[in-house]
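Colleague: Below is one structure. I have some questions about it.
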Amino acid sequence: TRESVEASRTGNPLAERPCWIARMDMLSRAEDLQALLSAAPEFDLIVCENGLDALKQLEGGAAPKLILLDIMMPYMDGLEFLKKRNENEAWKAIPVILLTNLYQKDQVEEGLKLGAKDYLIKSHFTPAEVLQKVNALIGA
296 TRESVEASRT
306 GNPLAERPCW
316 IARMDMLSRA
326 EDLQALLSAA
336 PEFDLIVCEN
346 GLDALKQLEG
356 GAAPKLILLD
366 IMMPYMDGLE
376 FLKKRNENEA
386 WKAIPVILLT
396 NLYQKDQVEE
406 GLKLGAKDYL
416 IKSHFTPAEV
426 LQKVNALIGA
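Numbering (the working numbering), first residue to last: 296 to 435.
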């Protein structure tokens, strides 16, 4: 949320809450996932439409605990975002889970080499399973 970004700039305690930056496709399944993530009271959710928007959020002071990153995005794809993220030591420490489709095996391998911690094939996970995997990764 904008409040989370502002809080992280001002030292507000809200900035201590974990937040996620995610890119969601315009599909009902993605809307279900977004609704589930938004409903998790322990997290703030920042939704970005592309890698460039996510990069701007980081540059603006957002400090997410985890990034759910789609590989296929307009303006700046997920792999390019990972390369930019790796140029900043603080951002490089933020764990990333790639969201992908079955046919993107080569891109998944490249994403893992660029530092993504894990990946999810969109059609193989329910929103609840995604939340469970995210919580396991960040220790929530």
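Note that CB positions come from ideal geometry on N, CA and C, so glycine has one too.
Values in this document were obtained by computation on a predicted structure and should not be read as measured data.
Can you tell me which residues form a DSSP beta bridge with V391?
Modeller: Answer by DSSP bridge pairing, in chain order: I362.
Colleague: Helix, strand or coil: how does DSSP classify S323 here?
Modeller: In this predicted model, S323 has a pLDDT of only 44, less than 50, meaning its place in the structure is not dependable; the value taken from the coordinates is given anyway. DSSP places S323 in helix when its eight states are reduced to three.
Colleague: Let me know if T421 comes out buried or exposed under the rule of 16 or more other beta-carbons within 10 Å of its beta-carbon.
Modeller: Exposed is the call here.
Colleague: So, at 6 Å on beta carbons, what are the nonlocal neighbours of D320 in its own chain, with the 5 sequence-adjacent residues on each side left out?
Modeller: Note that D320 has pLDDT 45, beneath the 50 cutoff, so the model's placement of it is unreliable and the number below is only indicative. Closer than 6 Å at the Cβ level, and outside the excluded window around D320, lies no residue.
Colleague: Is L409 helix, strand or coil when you go by DSSP?
Modeller: Coil, per DSSP.
Colleague: Whole angstroms is fine: what's the gap from S418's alpha carbon to N396's?
Modeller: Roughly 7 Å separates the two Cα atoms.
Colleague: Is D372 helix, strand or coil by DSSP?
Modeller: Three-state DSSP puts D372 in coil, outside helix and strand.
Colleague: Ignore the nearest five residues each way along the sequence and tell me which others in D413's own chain have a CB closer than 6 Å to its CB.
Modeller: Same-chain partners within the cutoff: I392.
Colleague: Could you please give the first and the last residue of the uninterrupted alpha helix (DSSP H) stretch that includes K351?
Modeller: Per DSSP, K351 belongs to the alpha helix (DSSP H) from G346 to E354.
Colleague: Applying the 10 Å Cβ sphere with the 16-neighbour rule, what's the burial state of A388?
Modeller: It is exposed - the Cβ of A388 has fewer than 16 other Cβ atoms within 10 Å.
Colleague: Would you kindly work out how many angstroms separate the C-alpha atoms of A357 and L377, rounded to a whole number?
Modeller: If I take the Cα positions, the gap works out to 16 Å.
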